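S.K.: I'd like to ask some things about the structure below.
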Amino acid sequence: MKNTDILIIGGGVIGCALARELSRYEAKIAVVDQAWDVAEGASKANSGIVHAGYDAVPGTLKAKYNVAGANVFPTLCEELGVPYRRCGALVVGFSEEDRPTLQELLDRGVANGVPELRIIEREELLSLEPNLNPQACCALLVPTSGIVSPYELTFALADDAALNGVTFHFGEEVSAIERDAEGGFVVRTNKGEWRCRILVNCAGSSSARLHNQLSSRLMHITHRRGQYYLLDRPKEAPFERTIFQCPSKMGKGVLVSPTVHGNVLLGPSAEDIDDPLNTETTQSGLDSVMEKVRLTWPKVSLRTNITNFSGVRAHEERGDFILGAVDGCPGAYEAVGIESPGLSSAPAIGKALAEQIAGEQRLPAKAELAPYQKPAIPFREMTPEEQEKALAENPLYGSIICRCEVVTEAEIVAATHRPVPATHIDAVKRRTRAGMGRCQGGFCSPRVAAIISRETGIPLQDITKNGGNSYLLTGTLTKEAEGREQA
Ligand SMILES: Cc1cc2nc3c(=O)[nH]c(=O)nc-3n(C[C@H](O)[C@H](O)[C@H](O)COP(=O)(O)OP(=O)(O)OC[C@H]3O[C@@H](n4cnc5c(N)ncnc54)[C@H](O)[C@@H]3O)c2cc1C
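If you want the numbering used here, it's the position in the sequence shown, counting the first as 1, plus 14.
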């Protein structure tokens with residue numbers, strides 16, 4: 015039995031934003047996640063758009079937290095060293111029938127307090143985005159829409175929380191929650207039991223199932239998968255802004271967007287599935303994306319497609335975020351149904367939930383916080399002078415491990431020593447981009463595995479792709495390889 019004051023279930027962007035905010039108070043805090051890293055659920059596989067807040071219905075929690083969250087992104091990302099860019103967005107109407115929808119989005123945005131929104135006509139639209147389908151007739155211009163690296167944000171939030179005492183426990187799936195005799199909770203996982211005074215359910219796809227163990231007001235999550243194409247970095251970006259089509263009841267529709275790393279993202283589809291862990295991509299799902307993308311971008315070509323991926327939305331049937339204290343269950347709190355704009359809202363949700371918990375549970379604020387250390391600028395983004403200086407200080411900058419994305423050994427070593435360390439291939443990939451390029455890790459994965467092993471002491475044969483049983487090597491080591499590993 016492990017004891018903690020606060021147990022947060024789920025290390026997605028919501029759980030990590032909350033953990034960071036709660037780490038400012040005097041309390042023993044643990045985060046458990048069934049996956050083997052933070053940001054392994056919806057928080058790693060989404061569009062990465064920091065929505066401005068024009069889409070959510072005024073008066074909903076989605077509207078409130080989207081606008082509040084989006085406002086803090088520029089400073090938060092600067093403070094944490096997370097890639098973010100306010101590139102703007104366009105919601106495009108392809109016929110006059112779309113105009114009332116655009117007007118409704120504009121009205122909602124104004125009611126939600128989103129600045130600088132306006133509807134623009136064809137000529138201005140095509141001068142802003144010349145690669146857009148010339149059939150476009152009008153659009154909602156959203157200058158304050160942004161793009162972010164969603165998993166790098168989650169890593170940074172988790173690192174800051176860990177620096178301030180929060181512990182992270184991976185590969186630990188919560189199956190049951192019960193009340194104990196002292197008014198706290200006993201939480202059963204595949205690795206044993208936790209006892210805690212305060213429980214916070216940020217379990218994304220499982221959040222409704224865990225909620226239903228605590229409250230008689232039942233909830234239901236529909237798992238809605240979204241599939242994507244990710245294109246290689248073009249010499250010239252086809253679009254400066256994120257281009258949306260008009261939204262439908264299934265979501266914000268298919269977009270074409272630059273990413274913060276200079277790639278082009280196409281997607282997502284929207285299909286309801288039974289298993290939230292089923293992140294396969296399918297021909298029919300991808301075809302449905304391409305059919306819609308061609309309307310936005312008739313000249314689209316898949317010749318530079320690097321990879322496909324999918325993420326699963328947690329859609330609660332009420333259609334709004336469910337946040338705060340669990341009905342009729344003192345000491346329990348939750349964030350249920352956090353679908354889009356959940357990423358954009360995360361900083362504001364984390365703050366509001368932490369303040370509510372600290373206030374109601376009388377948590378004293380810490381006198382001092384550990385200073386956050388931004389990750390170093392990636393080598394590929396340094397000026398030649400900065401590269402020379404970095405190399406002089408650390409010769410491992412001279413060893414390029416990932417040639418596609420120009421990632422050095424120094425950066426991979428640093429990733430394995432972050433407060434929430436990277437201990438498998440995908441964890442290094444998302445923290446450094448080693449393996450994110452055209453060859454998708456075909457060349458660098460063995461070298462990354464060797465570095466992880468050397469830096470963490472995990473034997474090479476136990477290094478995995480993404481935790482659990484996803485071993486890279488099978489069979490037994492030869493005497494020669496054993497000797498090499500020990501050297
Ligand atoms: C296709 C798609 C596109 C999107 N695009 C955008 C966008 O552009 N902008 C935007 O603002 N939002 C977007 N979103 C929404 C956003 O990604 C989510 O709202 C956000 O990531 C939710 O974070 P979370 O922490 O609640 O959930 P998650 O990231 O799913 O985290 C939940 C965590 O709980 C863990 N967990 C689950 N069950 C258990 C259990 N029983 N025991 C232990 N751990 C458990 C999971 O492993 C997971 O790590 C999109 C979502 C999707 C799927």
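Think of the CB as a built atom: it goes at the ideal place given N, C-alpha and C, for glycine as much as any other residue.
Only a predicted model underlies this, so the values are computations on that prediction, with no experimental measurement involved.
Grouping DSSP H, G and I as helix and E and B as strand, with all else coil, what is ILE352?
M.R.: Along the sequence shown, one-based indexing puts residue 352 at 338. Residue state, collapsed to three classes: coil.
S.K.: According to the Cβ coordinates, are ALA448 and ILE426 closer than 9 Å?
M.R.: Taking the first residue of the sequence shown as position 1, residue 448 is located at position 434. Taking the first residue of the sequence shown as position 1, residue 426 is located at position 412. Contact: yes.
S.K.: Please classify ASN60 as buried or exposed, where buried requires at least 16 neighbouring CB atoms within 10 angstroms.
M.R.: In the sequence shown, residue 60 corresponds to position 46, counting from 1. Classification of ASN60: buried, given that the 10 Å Cβ count is 16 or more.
S.K.: Quick check: VAL45 and LEU21, are their CB atoms within less than 9 Å of each other?
M.R.: Within the sequence shown, the letter at position 31 stands for residue 45. Within the sequence shown, the letter at position 7 stands for residue 21. Yes, Cβ-Cβ distance for VAL45 and LEU21 is below 9 Å.
S.K.: Near TYR485, which residues of its chain fall below 7 Å by C-beta distance, leaving aside the five closest residues on each side in sequence?
M.R.: Reading the sequence shown from its first residue, position 471 is the one you call residue 485. The answer, listed in chain order, is THR478.
S.K.: With burial defined as no fewer than 16 other Cβ atoms inside 10 Å of the residue's Cβ, what is the status of PRO282: buried or exposed?
M.R.: If you number the sequence shown from 1, residue 282 lands on position 268. Answer is buried; the Cβ neighbour count reaches 16.
S.K.: Which one or two residues does DSSP pair with ARG327 in a beta bridge?
M.R.: Numbered from its first residue, the sequence shown carries residue 327 at position 313. Answer is ARG238.
S.K.: Give every residue of the same chain whose Cβ lies closer than 8 Å to the Cβ of ARG132, excluding the five residues on either side of it in the sequence, and list them in chain order.
M.R.: Translated into the one-based positions of the sequence shown, residue 132 becomes position 118. Hits under 8 Å: LEU120, LEU154, LEU155.
S.K.: Out of SER230, GLY373, PRO272, PHE258, point me to the one whose CA is closest to LEU245's CA.
M.R.: On the sequence shown, position 231 is the one that residue 245 refers to. Among SER230, GLY373, PRO272, PHE258, the Cα nearest to that of LEU245 belongs to PRO272.
S.K.: Tell me whether PRO290 is buried or exposed, calling it buried when 16 or more other Cβ atoms sit within 10 Å of its Cβ.
M.R.: On the sequence shown, position 276 is the one that residue 290 refers to. Buried, since its Cβ has 16 or more Cβ neighbours within 10 Å.
S.K.: Per DSSP, which residues does CYS152 bridge with? Please list them.
M.R.: As a working mapping, residue 152 is identified with position 138 in the sequence shown. GLY107, GLU135.
S.K.: Rank GLY412, PRO409, SER354, PRO378 by C-alpha distance to the C-alpha of TYR68 and give the top, closest one.
M.R.: In the sequence shown, the residue the question calls residue 68 occupies position 54. Closest by alpha carbon: SER354.
S.K.: Consider the C-beta atom of GLU186 and the heavy atoms of ligand 1; say whether any pair is separated by less than 8 Å.
M.R.: Position 172 of the sequence shown holds residue 186. Yes, the beta carbon of GLU186 sits closer than 8 Å to at least one heavy atom of ligand 1.
S.K.: Is HIS438 near ligand 1, in the sense that its beta carbon is under 8 Å from a heavy atom of that ligand?
M.R.: For the purposes of this step, residue 438 is taken as residue 424 along the sequence shown, with counting starting at 1. Checking the Cβ of HIS438 against ligand 1 gives no.
S.K.: Is it true that the CB of ILE363 sits closer than 9 Å to the CB of ALA31?
M.R.: Counting from one through the sequence shown, the residue named residue 31 turns up at place 17. Counting from one through the sequence shown, the residue named residue 363 turns up at place 349. Cβ distance < 9 Å, so ALA31 and ILE363 count as in contact.
S.K.: What does the Cβ neighbour count give for GLN241, buried or exposed, with the cut at 16 atoms within 10 Å?
M.R.: Counted from its first residue, the sequence shown places residue 241 at position 227. The residue in question, GLN241, is buried, as its Cβ has 16 or more Cβ neighbours within 10 Å.
S.K.: By Cβ distance below 6 Å, which residues in the same chain neighbour LEU94 in space, the five residues on each side in sequence not counted?
M.R.: Start at 1 with the first residue of the sequence shown, and residue 94 comes out as number 80. Only ALA170 meet the Cβ criterion.
S.K.: With 16 as the cutoff for other CB atoms within 10 Å, does PRO378 come out buried or exposed?
M.R.: The residue labelled residue 378 in the question sits at position 364 within the sequence shown. Exposed: under 16 other Cβ atoms inside 10 Å.
S.K.: Measuring only the C-alpha atoms, how far is SER230 from VAL340?
M.R.: Taking the first residue of the sequence shown as 1, we reach residue 230 at position 216. Taking the first residue of the sequence shown as 1, we reach residue 340 at position 326. SER230 and VAL340: Cα-Cα distance of roughly 10 Å.
S.K.: Does the segment 108-119 come into contact with the segment 165-183, if we say contact requires no fewer than three beta-carbon pairs (one atom in each stretch) closer than 8 Å?
M.R.: Verdict: no, contact absent.
S.K.: Compute the Euclidean distance between the alpha carbons of PRO460 and TYR39, then round it to the nearest angstrom.
M.R.: In the sequence shown, the residue the question calls residue 460 occupies position 446. In the sequence shown, the residue the question calls residue 39 occupies position 25. Approximately 42 Å, taken between the alpha carbons.
S.K.: Enumerated in chain order, which unbroken segments of the beta strand (DSSP E) with a length of 3 residues or greater are wholly contained in the segment 344-420?
M.R.: Correct list: 346-350, 414-416.
S.K.: Buried or exposed: which applies to ASP567, given that a residue is buried once 16 or more other Cβ atoms fall within 10 Å of its Cβ?
M.R.: Since the displayed the chain opens at 15 and closes at 501, residue 567 lies outside it and no answer follows.
S.K.: Take GLN370 and list the residues in its own chain whose beta-carbon comes closer than 8 Å to its own, dropping the five residues that flank it on each side.
M.R.: As a working note, residue 370 is residue 356 in the sequence shown. So the qualifying residues of the chain are GLY338, ALA339, TYR347.
S.K.: Work out the CA separation of ALA384 and GLY489 for me, nearest whole Å.
M.R.: Working through the sequence shown from its first residue, we reach residue 489 at position 475. Working through the sequence shown from its first residue, we reach residue 384 at position 370. C-alpha separation (whole angstroms): 44 Å.
S.K.: Run through the segment 201-249 for me and flag every whole alpha helix (DSSP H) of 4 or more residues, listed as ranges in chain order.
M.R.: Fully enclosed alpha helix (DSSP H) runs of 4 or longer: 221-225.
S.K.: What does DSSP give as the partner residues of PRO272 in its beta bridges?
M.R.: Residue 272 sits at position 258 when you count from the first residue of the sequence shown. Answer is VAL278, bridged to PRO272.
S.K.: Considering GLN117, what are the terminal residues of the alpha helix (DSSP H) in which it resides?
M.R.: Indexing the sequence shown from 1 puts residue 117 at position 103. From DSSP, the alpha helix (DSSP H) with GLN117 extends over 113-126.
S.K.: In terms of residue numbering, what span does the alpha helix (DSSP H) encompassing THR168 cover?
M.R.: Against the sequence shown, residue 168 aligns to sequence position 154. First-last of the alpha helix (DSSP H) with THR168: 164-177.
S.K.: Could you give the distance in angstroms between the alpha-carbon of GLY62 and the alpha-carbon of GLN475?
M.R.: Residue numbering aside, residue 62 sits at position 48 when the sequence shown is read from its first letter. Residue numbering aside, residue 475 sits at position 461 when the sequence shown is read from its first letter. Each residue's Cα considered, the two are about 34 Å apart.
S.K.: Please report how far the alpha carbon of PRO467 lies from the alpha carbon of LEU146, in whole angstroms.
M.R.: Indexing the sequence shown from 1 puts residue 467 at position 453. Indexing the sequence shown from 1 puts residue 146 at position 132. As written in the sequence, residue 467 is Ser, which differs from the Pro given in the question. Taking the straight line from one Cα to the other gives about 48 Å.
S.K.: What residue range does the alpha helix (DSSP H) around ASP440 cover?
M.R.: The residue given as residue 440 occupies position 426 in the sequence shown. It spans 439-446 - the alpha helix (DSSP H) in which ASP440 sits, taken as one unbroken run.
S.K.: Does the beta-carbon of PRO272, which I'm using as the reference point, lie nearer than 8 Å to any heavy atom of ligand 1?
M.R.: Counted from its first residue, the sequence shown places residue 272 at position 258. PRO272: no, Cβ never under 8 Å from ligand 1.
S.K.: For ligand 2, is there a heavy atom less than 8 Å away from the beta-carbon of VAL27?
M.R.: Of the ligands one can find in the structure shown, namely ligand 1, none is ligand 2.
S.K.: Check this for me: beta carbons of GLY25 and PHE182, under 9 Å apart or not?
M.R.: Residue mapping note: residue 25 aligns to position 11 of the sequence shown, counting from 1. Residue mapping note: residue 182 aligns to position 168 of the sequence shown, counting from 1. Yes; because the gap between Cβ atoms is below 9 Å, this pair is in contact.
S.K.: Would you tell me roughly how many angstroms separate the C-alpha atoms of ALA41 and GLY218, rounded to the nearest one?
M.R.: What you label residue 41 is simply residue 27 of the sequence shown in a count that begins at 1. What you label residue 218 is simply residue 204 of the sequence shown in a count that begins at 1. The alpha-carbon atoms of ALA41 and GLY218 are separated by roughly 24 Å.
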